[in-house]
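Just so you know, we're using the working numbering here: the sequence shown kicks off at 4 and counts up by one.
Beta carbons are placed, not taken as given, at the ideal position from N, Cα and C, and that holds for glycine.
Contents: one structure, followed by commentary.
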Amino acid sequence: MTTRRQFLKKGAIGAVAVGAATTVGRMATSAAQAAAPASLKGMNMIVFMTDQEGATEHFPPDWTKENLPGLSALKRHGITFTHAYTNACMCSPARSTLMSGFLPAQHGVKYTLEEDMPAPQYPQVELPTPPTMQNLATIAEAAGYNVVYKGKWHCSKPAAADFVWTPQDLATYGWSRWNPQDAGADQSIPEMGGGLANNDGRFMTSVGDYQDSSEGVLQFITQVAATMQPFFLVISLVNPHDVLAYPSKHGQAGYSPNWLVGDIGLPATVDESLSTKPTAQRLFLQLSKGLGVLRNATMKRNYRNFYGNLMKASDQYLVDTLAALKSVATQNGASNLLNDSVIVRTADHGEMGLAHGGQRQKNFMMYEEATNIPLVFSNPTLWKRGRTTNALVSHVDFVPTTASLLGTPAGAKSAWQGRDYSGIVLGATRKPVQDYVVFTYDDWQAGQKSGPYIPPPQHLVGIRERNWKICLYYDVNGKVPGQWELYDLKSDPLEQRNLAWPGMKRTPAQEKQFRRLQAKLVAVWNTRLQPLSGPAVPFPVRVGPINVRIEGPTKTVNTDGNVITDQGTVSGTPIGSGDITMVFTLNPVTSVATAQFSITNAQGAISGTVDSKFTRNGATLRFRGTARFTEGTGAYAGINGPPMEYLDVHTLTGQKGQIAFIGSASLPAAPQGAPS
Numbered sequence: 004m005t006t007r008r009q010f011l012k013k014g015a016i017g018a019v020a021v022g023a024a025t026t027v028g029r030m031a032t033s034a035a036q037a038a039a040p041a042s043l044k045g046m047n048m049i050v051f052m053t054d055q056e057g058a059t060e061h062f063p064p065d066w067t068k069e070n071l072p073g074l075s076a077l078k079r080h081g082i083t084f085t086h087a088y089t090n091a092c093m094c095s096p097a098r099s100t101l102m103s104g105f106l107p108a109q110h111g112v113k114y115t116l117e118e119d120m121p122a123p124q125y126p127q128v129e130l131p132t133p134p135t136m137q138n139l140a141t142i143a144e145a146a147g148y149n150v151v152y153k154g155k156w157h158c159s160k161p162a163a164a165d166f167v168w169t170p171q172d173l174a175t176y177g178w179s180r181w182n183p184q185d186a187g188a189d190q191s192i193p194e195m196g197g198g199l200a201n202n203d204g205r206f207m208t209s210v211g212d213y214q215d216s217s218e219g220v221l222q223f224i225t226q227v228a229a230t231m232q233p234f235f236l237v238i239s240l241v242n243p244h245d246v247l248a249y250p251s252k253h254g255q256a257g258y259s260p261n262w263l264v265g266d267i268g269l270p271a272t273v274d275e276s277l278s279t280k281p282t283a284q285r286l287f288l289q290l291s292k293g294l295g296v297l298r299n300a301t302m303k304r305n306y307r308n309f310y311g312n313l314m315k316a317s318d319q320y321l322v323d324t325l326a327a328l329k330s331v332a333t334q335n336g337a338s339n340l341l342n343d344s345v346i347v348r349t350a351d352h353g354e355m356g357l358a359h360g361g362q363r364q365k366n367f368m369m370y371e372e373a374t375n376i377p378l379v380f381s382n383p384t385l386w387k388r389g390r391t392t393n394a395l396v397s398h399v400d401f402v403p404t405t406a407s408l409l410g411t412p413a414g415a416k417s418a419w420q421g422r423d424y425s426g427i428v429l430g431a432t433r434k435p436v437q438d439y440v441v442f443t444y445d446d447w448q449a450g451q452k453s454g455p456y457i458p459p460p461q462h463l464v465g466i467r468e469r470n471w472k473i474c475l476y477y478d479v480n481g482k483v484p485g486q487w488e489l490y491d492l493k494s495d496p497l498e499q500r501n502l503a504w505p506g507m508k509r510t511p512a513q514e515k516q517f518r519r520l521q522a523k524l525v526a527v528w529n530t531r532l533q534p535l536s537g538p539a540v541p542f543p544v545r546v547g548p549i550n551v552r553i554e555g556p557t558k559t560v561n562t563d564g565n566v567i568t569d570q571g572t573v574s575g576t577p578i579g580s581g582d583i584t585m586v587f588t589l590n591p592v593t594s595v596a597t598a599q600f601s602i603t604n605a606q607g608a609i610s611g612t613v614d615s616k617f618t619r620n621g622a623t624l625r626f627r628g629t630a631r632f633t634e635g636t637g638a639y640a641g642i643n644g645p646p647m648e649y650l651d652v653h654t655l656t657g658q659k660g661q662i663a664f665i666g667s668a669s670l671p672a673a674p675q676g677a678p679s
């Protein structure tokens with residue numbers, strides 16, 4: 004196989020004419036307009052993705068600037084999202100979320116896809132194909148792009164009975180010119196990105212006919228890409244995933260001792276006690292010794308520096324990609340492919356890197372090291388200088404954002420779970436599109452076909468806000484009590500003090516935040532973590548008391564004597580949003596009103612009663628009293644609690660009024676055997 008350096012020296016890049024580095028003609032010429040274009044429609048887009056590369060690494064100051072020239076170049080002419088997150092921490096769930104705009108609860112890929120996993124107990128659900136579920140390829144193609152995929156996939160399994168991949172396996176999803184076999188699915192030597200396997204080298208520098216799957220990324224860029232504009236290209240590398248080869252088989256895999264050399268030290272939390280952390284973390288720390296025991300500080304530093312050097316190797320491929328793009332003139336000769344392309348740099352998930360007691364991998368944890376990922380949008384003409392944003396974004400947001408950036412027609416879009424942050428990318432706004440990101444983890448076998456396995460509670464669901472993070476570890480069968488994590492990220496950015504652990508003394512302010520976040524997590528579960536079809540899945544543990552605040556506009560739709568019917572749409576915790584119907588019976592003599600109400604949405608229904616006093620001023624009625632939940636169905640089955648404050652103002656002449664329920668409630672645990 005031709006190496007990257009040989010490929011460059013042979014002139015495959017240098018022989019191509021270099022276009023003038025001028026601003027693309029279709030883009031505005033003023034600096035202000037260039038900084039905030041109306042869209043990126045018509046520009047090429049290249050997604051450069053690595054595997055297991057976190058944004059939170061605890062490396063020496065300026066390490067990225069000094070050692071990752073490719074990423075640094077993108078940051079100098081792009082927008083960097085410092086708070087970008089994966090929504091799941093195993094390869095297949097994370098990548099399927101990035102590709103689809105849906106969360107694992109909807110696309111169904113909750114487990115690592117492997118060749119020989121026992122399907123009855125470990126469902127091998129693959130990313131649904133179009134038109135059942137649209138994806139990055141289909142939205143780009145609908146916007147007029149030629150779509151190309153090079154590198155690691157890991158969102159499905161090959162159709163062939165002998166588990167041999169073909170380009171058709173990705174063509175089913177809309178992608179073209181893929182060069183199988185897939186790689187990086189596990190820790191075996193043939194699956195590795197570098198070393199003797201050198202799958203990343205194969206993806207990047209292979210030379211040949213794309214029809215026999217031998218066309219690499221650099222060949223595509225230098226020989227074909229200009230004729231396929233606009234193109235949407237995914238470059239997906241395995242490394243730095245190979246870090247898992249140390250210490251047991253890195254030498255056998257072809258990595259020399261030089262790969263262990265560097266100036267990266269140990270993270271501050273390497274010796275952290277996990278006594279106040281969920282038990283799954285302590286058990287996984289022991290289980291990780293199967294990768295090889297790191298017996299002393301030297302071996303731990305070797306692990307860290309091996310990881311850093313793998314990051315450098317992947318970044319060099321990014322450098323080569325940028326050089327190739329710059330060397331190719333656009334067909335009209337006005338510019339070059341680098342100026343004509345937006346580069347997106349990201350990763351599927353992070354790596355613990357020995358933080359939090361020496362953890363490796365990313366399993367069974369929601370720490371920043373495992374979830375915070377790099378995300379940069381870059382182009383040398385659109386961003387004359389780099390800028391950063393701390394807006395919270397995540398993988399599930401990438402498809403709706405990309406659809407807007409590329410100008411995908413409405414008919415090719417879906418009711419995605421993600422939020423569109425294209426306005427932030429384009430510079431039209433700095434306002435965040437959401438105040439939290441969601442995280443789930445379901446792969447209790449951690450991609451291993453045989454045990455030992457981590458016992459329950461070992462499924463995770465959580466949300467990360469700007470200053471707070473809450474995570475629940477739960478048992479899908481409801482037999483083992485759940486365990487909670489709560490971190491004040493402002494005062495405890497290293498996430499060492501779990502405020503939710505039993506016996507931990509919380510201040511009144513911390514207790515208030517805990518209850519608020521529990522209620523919010525329930526609402527997120529009920530509104531964003533339900534399947535696309537089938538029965539609603541109740542929240543997996545009993546939660547209470549949680550803060551209830553449901554409010555919204557209502558309107559009188561019928562009056563029959565002293566019986567009044569109101570309808571409207573309300574929102575808040577724990578329902579998210581729903582439609583409400585209220586039937587009042589008024590006693591004008593005592594100014595007392597009673598009512599029955601029902602709030603319904605796709606996840607279930609809540610029924611209840613109201614007892615209140617009312618005043619009347621012309622056609623305006625004002626109610627103040629108490630409300631009580633009496634029954635719940637679906638996700639709200641068993642909801643109960645003390646009387647809540649009830650406030651209502653509306654008119655009998657049809658104008659919209661305002662209603663509010665304020666109080667607390669409890670939700671029981673999901674029944675045993677609830678779906679995962």
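On the DSSP letters alone, give me the boundaries of the beta strand (DSSP E) that G450 sits inside. Walking along the sequence shown from the start, residue 450 turns up at place 447. Premise fails: G450 is in no beta strand (DSSP E) and is neither H nor E.
Can you tell me the Cα-Cα spacing of S667 and A188, whole angstroms? Translated into positions along the sequence shown, residue 667 becomes position 664. Translated into positions along the sequence shown, residue 188 becomes position 185. Taking the straight line joining both Cα atoms gives about 46 Å.
Which same chain residues end up closer than 6 Å to Y490 when comparing Cβ atoms and leaving out the 5 residues on each side of it in sequence? Here residue 490 corresponds to residue number 487 of the sequence shown, with the count starting at 1. Closer than 6 Å at Cβ, skipping near neighbours: K472, E498.
For R518 and Y370, I'd like the C-alpha separation in whole angstroms. Here residue 518 is taken as the residue at index 515 of the sequence shown, counted from 1. Here residue 370 is taken as the residue at index 367 of the sequence shown, counted from 1. Going by the C-alpha atoms only, they are around 21 Å apart.
Is V544 near G485, with beta carbons less than 8 Å apart? As a first step, residue 544 must be located in the sequence shown, where it is residue number 541. As a first step, residue 485 must be located in the sequence shown, where it is residue number 482. For V544 and G485, yes; Cβs fall inside 8 Å.
Could you compute how far the alpha carbon of N47 sits from the alpha carbon of I224? Here residue 47 corresponds to residue number 44 of the sequence shown, with the count starting at 1. Here residue 224 corresponds to residue number 221 of the sequence shown, with the count starting at 1. Those two C-alpha atoms are separated by around 12 Å.
In this structure, does DSSP put A24 in helix, strand or coil? Indexing the sequence shown from 1 puts residue 24 at position 21. Reliability of the predicted coordinates at A24 is poor, the pLDDT of 32 falling under 50, and the value obtained from them is presented with this limitation in mind. Coil, per DSSP.
Run through DSSP, which three-state label would L698 get? Summary: the structure shown does not reach residue 698, with the chain confined to residues 4 through 679, and so no result is reported for it.
Rounded to whole angstroms, what's the CA-CA distance from V399 to Q599? Just pull it up for me. Taking the sequence shown and counting its residues from 1, one reaches residue 399 at position 396. Taking the sequence shown and counting its residues from 1, one reaches residue 599 at position 596. Those two C-alpha atoms are separated by around 39 Å.
Within this structure, are the beta carbons of R631 and L650 separated by less than 8 Å? Taking the first residue of the sequence shown as 1, we reach residue 631 at position 628. Taking the first residue of the sequence shown as 1, we reach residue 650 at position 647. Going by C-beta atoms, R631 is not nearer than 8 Å to L650.
Evaluate Q420 with the Cβ neighbour count: other Cβ atoms within 10 Å of its Cβ, from every protein chain shown; 16 or more gives buried, anything less gives exposed. Here the question's residue 420 lines up with position 417 in the sequence shown. With 16 or more other Cβ atoms within 10 Å, it is buried.
Just the C-alpha distance for K329 and A143, rounded to the nearest angstrom, thanks. Start at 1 with the first residue of the sequence shown, and residue 329 comes out as number 326. Start at 1 with the first residue of the sequence shown, and residue 143 comes out as number 140. So the two alpha carbons sit approximately 23 Å from each other.
Does DSSP classify V347 as helix, strand or coil? Within the sequence shown, numbered from 1, the residue matching residue 347 stands at position 344. Strand, per DSSP.
Please return the same chain residues whose Cβ sits closer than 7 Å to the Cβ of S241, not counting the five positions on each side in sequence. For this step, residue 241 is matched to residue 238 along the sequence shown. Note that residue 241 corresponds to Val in the displayed sequence, not to Ser. For V241, where only same-chain residues beyond five positions count, the Cβ hits under 7 Å are D54, K155, A186, G187, M195, G196, N202, D203.
Tell me which residues share the same chain as T572 and place their Cβ nearer than 8 Å to its Cβ, disregarding the 5 neighbours each side in the sequence. Residue numbering aside, residue 572 sits at position 569 when the sequence shown is read from its first letter. If we look at T572 and ignore the five residues flanking it on each side, its Cβ neighbours are G555, P556, S580, G581, D582, I583.
Per DSSP, what kind of secondary structure is T588 in: helix, strand or coil? One-based indexing of the sequence shown puts residue 588 at position 585. Residue state, collapsed to three classes: strand.
Cutting at 6 Å between CB atoms, please list the residues of its own chain near K659, excluding the five before and the five after it. Within the sequence shown, the letter at position 656 stands for residue 659. Taken in chain order, the residues that qualify are P556, K558.
Are R531 and V441 closer than 8 Å when you measure CB to CB? Along the sequence shown, one-based indexing puts residue 531 at 528. Along the sequence shown, one-based indexing puts residue 441 at 438. In this structure, V441 lies closer than 8 Å to R531 by Cβ.
Spatially closest choice to G657 from A248, C92, Q570, by CA coordinates: The sequence position of residue 657 within the sequence shown is 654, counting from 1. Cα-wise, what sits closest to G657 is Q570.
Could you check how far apart the C-beta atoms of Y424 and V396 are, in whole angstroms? I think they sit under 8 Å. The sequence position of residue 424 within the sequence shown is 421, counting from 1. The sequence position of residue 396 within the sequence shown is 393, counting from 1. Confirmed, Cβ separation roughly 5 Å.
Could you tell me the alpha carbon to alpha carbon distance between T588 and G641, rounded to whole angstroms? Position 585 of the sequence shown, counting from 1, holds the residue named residue 588. Position 638 of the sequence shown, counting from 1, holds the residue named residue 641. If you take the alpha carbons of T588 and G641, they lie about 26 Å apart.
According to DSSP, what are the bridge partners of L650? Here the question's residue 650 lines up with position 647 in the sequence shown. In DSSP, L650 forms a bridge with R627, A663.
Identify which residue in D245, H653, T100 has its Cα closest to the Cα of T568. Residue 568 sits at position 565 when you count from the first residue of the sequence shown. The candidate whose alpha carbon is nearest that of T568 is H653.
Which residue's Cα is closest to the Cα of F617: T633, L321, V595, V296? The residue labelled residue 617 in the question sits at position 614 within the sequence shown. For the residues T633, L321, V595, V296, the minimum Cα distance to F617 belongs to V595.
Where do the ends of the beta strand (DSSP E) carrying K155 lie? Stepping through the sequence shown from its first residue, residue 155 is reached at position 152. Element bounds for K155: n/a, residue is neither H nor E.
Going by DSSP, what residue range makes up the alpha helix (DSSP H) through M102? If you number the sequence shown from 1, residue 102 lands on position 99. Taken as a continuous stretch (DSSP letters only), the alpha helix (DSSP H) holding M102 covers 94–103.
Can you tell me where the beta strand (DSSP E) with D563 in it begins and where it stops? For the purposes of this step, residue 563 is taken as residue 560 along the sequence shown, with counting starting at 1. Its beta strand (DSSP E) spans residues 546–563.
Counting along the chain, where does the alpha helix (DSSP H) carrying H110 start and finish? As a position in the sequence shown, residue 110 is number 107, starting the count at 1. That run of the alpha helix (DSSP H) goes 107–110.
N- and C-terminal bounds of the alpha helix (DSSP H) containing Q171: As a first step, residue 171 must be located in the sequence shown, where it is residue number 168. Element bounds for Q171: 171–174.
Are three or more beta carbon pairs between the stretch 256–270 and the stretch 61–72 nearer than 8 Å? yes
Start and end of the alpha helix (DSSP H) containing S407? Here residue 407 refers to the residue found at position 404 of the sequence shown. Unbroken alpha helix (DSSP H) run through S407: 401–409.
Would you mind giving the Cβ-Cβ distance between G265 and N312, rounded to the nearest angstrom? I have them listed as a contact below 8 Å. For the purposes of this step, residue 265 is taken as the residue at position 262 of the sequence shown. For the purposes of this step, residue 312 is taken as the residue at position 309 of the sequence shown. Between N312 and G265 the Cβ distance is about 6 Å, and since that is below 8 Å, they are a contact.
Please determine whether the Cβ atom of Y444 lies at a distance below 7 Å from any heavy atom of the ligand MN. Inclusion of the ligand MN in the displayed structure is not the case, the ligand content being empty and no account of it being possible.
Compute the distance between the beta-carbons of E129 and L116, then report whether it is under 8 Å. Your numbering for residue 129 matches position 126 in the sequence shown. Your numbering for residue 116 matches position 113 in the sequence shown. Yes, these two residues count as a Cβ contact at 8 Å.
Is it buried or exposed for G564, if we count other Cβ within 10 angstroms and need 16 for buried? Taking the sequence shown and counting its residues from 1, one reaches residue 564 at position 561. When all chains shown are included, G564 counts as exposed.
By Cβ distance below 7 Å, which residues in the same chain neighbour S33 in space, the five residues on each side in sequence not counted? As a first step, residue 33 must be located in the sequence shown, where it is residue number 30. Because the pLDDT at S33 is just 35, under 50, the model does not fix this residue reliably, and the point stays unresolved.
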